[in-house]
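Okay, structure first, notes after.
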Amino acid sequence: MKPYPRAAIVIAIVAILAVALTYFDAARLGFFWDDYLILRPRPWTELLRVWHGSWDTTGIVPLFYRPLAVWTDTAAFTLLGFDERWLRLTALVELGLGAWLVGLFVYREAASVWLGAFASALFAVHPAVSQSAGPWWFEQNHRFSVILVALALLAWQSRRSALTWISWWPIHLSILVGSWFKEDVLALAPLLLVLQWWRARVAADIPRLTPRFVAAVTAAWALWFGFRWWLLGVVAGRPIGGALDDWADRLHHAGRGLWLTFIRVRAMQGEVAFVHQVATIALVIAAALALWTARRASIRARVLMGYGLVAGAAFNLPVALASYPTRYHLIAIGAVFLLTGTAAGLFDAAPHRRFVVAATSTTLVVVLALSSRANMRIYAPCTEANLHLDVELRTWLERTPYWTHSWILPWLDDKAIRCAEHRYVPVTIAIPDVLRGVREGRR
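The sequence shown begins at 9 in the working numbering and counts up one residue at a time.
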């Protein structure tokens, strides 16, 4: 079913409102951590080199093949420079677009504007998204990953009745482009095969997978994986924050992403607000309702709930070795599918209580939005968490020759002093001459 204009507009309005009400004061966050590393001019030689090598040429972060992440960051810096407000606004527009597309997918899958709007709001306000694809500028490649995954899912809805590799070309293109932002998107290739199988099994309205089609898709993506390996020189670098060399910690990392996205709500740096506890209780209740409704649920509810579990598990695999809250943006799509499927099951099982289901769902959105606001609050410029991230950043800079004489180190010293004396001002006001020199390539 194709979305009609009114449904698309309604879901877009919900996405805009959810993002706006949750992050209306995001500009006050300022820059932190990796923002300083990616907001810089790059020569054409570097922009071309990232297509056949690592996205970072300075040696400060691990090797990964993410050429479009570099190009879009460079484009944003060329247009916006160090303007915090416009960078944050751009980030929120990207987040809203991703939430809208996720909502459109659910709408088309469940034939319900209400469920589509609910999914859109859930993704926009989910605490895991606030930390992995929220207003933090560095995570622009995560936000684009969400957009490309959602576009691939929408293309799959339109193309899943034809099981030929060529007919799926828009899906393959979306996955390919998405993988140029971040490699996690490649998990969508096998995931879509599972979604095809699940929809055909539960709804019986699309063709079942054939061995020939599975082999063609597998071979094509194996070829790209090999070519990408050759371009980068390795499969990938070792992600920061990986597990310790003992099995207990490895198992902890393997399940951490699912736990912190589907059930437990907490801030990245460990601070737990009261609203986080409330949100955790709400998600536990939602998980219990999912189990209770699973067997008796309607077809559309079971379809969405199955999507949620499979998508969460699939997108958890790329981060299972180094699981960290800033990497759960795609796992959150699975959580949204499961929650909307649960709402659909309750909605269909008790038509006379639809108002109660809608009110409960709205309450969940509000609680998650407040949790996301709590997550962002600790990253205001002079909080303990933000200053701690500055200390970590200083360690990286001091041990990397390219960055040893960067303007960032003296700014971090100046910022710490300003925060201690309660006279902090944004970096664009504090050192405009220095930043002008950076933009013009003189520093």
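The C-beta atom is built at its ideal place from N, Cα and C for all residues, glycine as well.
Would DSSP call residue i helix, strand or coil?
{"i": "Asp-43", "result": "helix"}
{"i": "Phe-175", "result": "One detail in the question is off: residue 175 reads as Ser in this sequence, not Phe. Correct three-state label for Ser-175: helix."}
{"i": "Val-442", "result": "helix"}
{"i": "Met-276", "result": "coil"}
{"i": "Val-243", "result": "coil"}
{"i": "Tyr-336", "result": "coil"}
{"i": "Ala-170", "result": "coil"}
{"i": "Pro-409", "result": "helix"}
{"i": "Lys-10", "result": "With a pLDDT of 49 at Lys-10, under the threshold of 50, the modelled position of that residue is not reliable, and no figure is offered here."}
{"i": "Phe-189", "result": "coil"}
{"i": "Arg-48", "result": "coil"}
{"i": "Asp-398", "result": "helix"}
{"i": "Leu-329", "result": "coil"}
{"i": "Leu-252", "result": "coil"}
{"i": "Ala-281", "result": "coil"}
{"i": "Val-121", "result": "helix"}
{"i": "Val-433", "result": "coil"}
{"i": "Asp-213", "result": "coil"}
{"i": "Ile-271", "result": "helix"}
{"i": "Ile-68", "result": "coil"}
{"i": "Thr-86", "result": "helix"}
Taking the alpha-carbon of residue i as reference, which of the options has the nearest alpha-carbon?
{"i": "Ala-388", "options": "Val-222, Gly-106, Phe-40, Ala-84", "result": "Phe-40"}
{"i": "Ile-19", "options": "Val-365, Thr-301, Ala-129", "result": "Ala-129"}
{"i": "Tyr-115", "options": "Leu-200, Ile-183, Leu-161, Tyr-332", "result": "Leu-161"}
{"i": "Thr-288", "options": "Trp-232, Leu-372, Leu-312, Arg-209", "result": "Leu-372"}
{"i": "Pro-333", "options": "Trp-267, Thr-412, Leu-105, Trp-176", "result": "Trp-267"}
{"i": "Gln-204", "options": "Ala-256, Ala-15, Ala-170", "result": "Ala-170"}
{"i": "Tyr-315", "options": "Leu-56, Thr-350, Ala-330, Asp-42", "result": "Thr-350"}
{"i": "Ala-330", "options": "Gly-320, Arg-216, Gly-245", "result": "Gly-245"}
{"i": "Ala-16", "options": "Glu-392, Thr-368, Ala-127", "result": "Ala-127"}
{"i": "Leu-443", "options": "Ala-28, Asp-33, Tyr-44", "result": "Tyr-44"}
{"i": "Leu-252", "options": "Leu-317, Leu-420, Ala-328", "result": "Ala-328"}
{"i": "Ala-32", "options": "Gly-104, Trp-229, Asp-254", "result": "According to the sequence as given, residue 32 is Phe; it is not Ala. Nearest C-alpha to Phe-32: Gly-104."}
{"i": "Ala-211", "options": "Leu-312, Pro-49, Trp-411, Phe-113", "result": "Leu-312"}
{"i": "His-284", "options": "Arg-447, Val-375, Phe-221", "result": "Val-375"}
{"i": "Ala-119", "options": "Trp-229, Ile-416, Pro-70, Ile-307", "result": "Ile-307"}
{"i": "Ala-281", "options": "Thr-370, Ala-367, Ile-386", "result": "Ile-386"}
{"i": "Trp-177", "options": "Trp-229, His-360, Val-435", "result": "Trp-229"}
{"i": "Gly-445", "options": "Arg-361, Trp-415, His-430, Glu-429", "result": "Trp-415"}
{"i": "Pro-326", "options": "Leu-123, Pro-13, Thr-172, Lys-190", "result": "Lys-190"}
{"i": "Pro-219", "options": "Gly-250, Trp-173, Leu-194, Ala-256", "result": "Trp-173"}
{"i": "Ser-166", "options": "Asp-213, Arg-426, Gly-61", "result": "Asp-213"}
{"i": "Phe-146", "options": "Leu-217, Phe-85, Pro-247", "result": "Phe-85"}
Which residues bound the alpha helix (DSSP H) around residue i?
{"i": "Tyr-2", "result": "The question about residue 2 has no answer, for the chain in this structure spans 9 to 451."}
{"i": "Cys-427", "result": "416-428"}
{"i": "Thr-53", "result": "52-57"}
{"i": "Leu-230", "result": "As written in the sequence, residue 230 is Ala, which differs from the Leu given in the question. Segment 219-240, the alpha helix (DSSP H) holding Ala-230."}
{"i": "Pro-13", "result": "13-31"}
{"i": "Ser-138", "result": "135-140"}
{"i": "Val-114", "result": "92-118"}
{"i": "Trp-63", "result": "No alpha helix (DSSP H) holds Trp-63; DSSP gives it neither H nor E."}
{"i": "Trp-145", "result": "Where Trp-145 is concerned, there is no enclosing alpha helix (DSSP H), given that its DSSP letter is neither H nor E."}
{"i": "Ala-201", "result": "First, the amino acid is wrong: residue 201 is Leu here, not Ala. Its alpha helix (DSSP H) spans residues 196-210."}
{"i": "Gly-263", "result": "255-266"}
When you compare the CB positions of residue i and residue j, do they come within less than 8 Å of one another, or not?
{"i": "Ser-153", "j": "Met-384", "result": "no"}
{"i": "Ala-136", "j": "Thr-30", "result": "no"}
{"i": "Arg-151", "j": "Glu-92", "result": "no"}
{"i": "Leu-37", "j": "Arg-74", "result": "no"}
{"i": "His-134", "j": "Ala-295", "result": "no"}
{"i": "Ala-352", "j": "Arg-304", "result": "no"}
{"i": "Asp-192", "j": "Phe-72", "result": "no"}
{"i": "Ala-224", "j": "Gly-111", "result": "no"}
{"i": "Leu-159", "j": "Leu-109", "result": "yes"}
{"i": "His-337", "j": "Ser-140", "result": "yes"}
{"i": "Phe-345", "j": "Ala-319", "result": "yes"}
{"i": "Leu-401", "j": "Leu-420", "result": "yes"}
{"i": "Ala-382", "j": "Ala-275", "result": "yes"}
{"i": "Val-292", "j": "Ser-379", "result": "no"}
{"i": "Tyr-410", "j": "Ile-68", "result": "yes"}
{"i": "Leu-347", "j": "Val-365", "result": "no"}
{"i": "Val-157", "j": "Leu-196", "result": "yes"}
{"i": "Leu-47", "j": "Val-185", "result": "no"}
{"i": "Arg-447", "j": "Gly-89", "result": "yes"}
{"i": "Val-222", "j": "Leu-201", "result": "yes"}
Of all the CB atoms in chain D, is at least one closer than 8 Å to the CB of residue i?
{"i": "Trp-206", "result": "Among the protein chains of the structure shown there is no chain D, as only one such chain exists."}
Ordered list of beta strand (DSSP E) runs contained in the segment 289-321, each at least 3 residues: Complete beta strand (DSSP E) runs here, min 3: none at all.
Unbroken stretches of the alpha helix (DSSP H), 4 residues or longer, contained in the segment 343-395: 362-385, all fully within the segment 343-395.
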